[in-house]
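Notes to accompany the following structure.
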């Protein structure tokens, strides 16, 4: 089997006929194949994938939009075990969108694993490739192992899926970081410790407090929301009308002076309660929403005609409960 050198000026469609164009194209592609096999593609980048670091299944050489791909089948048993047995070489001129197979090869061994011959490539070239293969594989394995320290990783192609990063300089806010090494300083640097600084998005009141102060004291209010109002007096609310909603959001202490017979509505959620002070004075009646009364009689209390009748309402699950304060 004879080979010719790579001819960068051929094929020349202006001077050659169809036969010479195809011949020179074939010869140049075969030269690329043999150069890839022998590891002599200078200026081309090599990337391996598939298989294992010791037995890569695919060797991809790249330069500009050109690609030369070697797909290797490794022996699994007997003399060929751990050695390349077959190879398919493909070429692409469009960055790997389309491929043209430019050669196939098989390599044979005896029972002891000694090279005995090849088809598709000259035995001398196959032998040369096999002799240099251990060193190339060693370098590939070293590069893969070096990924643990990023020593062999391309700077513009980093994909981190595990582990941790230590001992690095805090990434500045201008570069997309927080400029900090802990959560508290990060919030301050990003303006997330002051709600007035925020122009996009929202920060949960539970994290910042209603005033946006980072160290605000958080309390659970009667309307089941968090706020940074210090623990102090409960809100007092005066009901009005004959069908008011019993809603703790208005205040957990509520007063109500009846103007006529009335029928309030239930607006309590589970876990909420109201202390309700009712001023009747005219023997009016209240039609209560469905509830379970914890009174001596097990029924709604009779309203006093002077002073306040104080009732505590609370809800557990979907059941509203009521009890009167004092002897009824």
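Numbering (this note's numbering), first residue to last: 15 to 342. Ideal placement from N, C-alpha and C gives every residue a C-beta, glycine not left out. Please read all numbers here as calculations on a predicted model, not as lab measurements.
Where residue i falls: helix, strand or coil (DSSP)
| i | result |
| --- | --- |
| residue 314 | coil |
| residue 262 | helix |
| residue 197 | helix |
| residue 303 | coil |
| residue 21 | For residue 21, the predicted structure reports a pLDDT of 49, less than 50, and the residue's modelled location is therefore unreliable. The matter cannot be settled from this model. |
| residue 339 | coil |
| residue 137 | helix |
| residue 281 | coil |
| residue 188 | helix |
| residue 293 | strand |
| residue 325 | strand |
Buried/exposed call for residue i, threshold 16 Cβ in 10 Å
| i | result |
| --- | --- |
| residue 304 | exposed |
| residue 329 | buried |
| residue 323 | buried |
| residue 325 | buried |
| residue 114 | exposed |
| residue 128 | exposed |
| residue 119 | buried |
| residue 275 | exposed |
| residue 135 | buried |
| residue 296 | exposed |
Cβ-Cβ separation, residue j to residue i (assumed contact under 8 Å), whole Å
| i | j | result |
| --- | --- | --- |
| residue 87 | residue 100 | 4 Å |
| residue 315 | residue 309 | 6 Å |
| residue 104 | residue 116 | 7 Å |
| residue 262 | residue 278 | No, residue 262 and residue 278 are not in contact; Cβ-Cβ is about 13 Å, not under 8 Å. |
| residue 193 | residue 184 | 6 Å |
Among the options, the one whose alpha carbon lies nearest that of residue i
| i | options | result |
| --- | --- | --- |
| residue 294 | 282, 283, 269 | 269 |
| residue 298 | 320, 280, 283 | 320 |
| residue 90 | 69, 83, 108, 82 | 69 |
| residue 272 | 74, 253, 312, 188 | 253 |
| residue 332 | 287, 291, 72 | 287 |
| residue 77 | 311, 188, 106 | 106 |
Continuous beta strand (DSSP E) assignments of at least 3 residues falling wholly in the stretch 80 to 109: Every beta strand (DSSP E) stretch that sits fully inside the stretch 80 to 109 and reaches 3 residues is listed by chain position as 80 to 88, 98 to 106.
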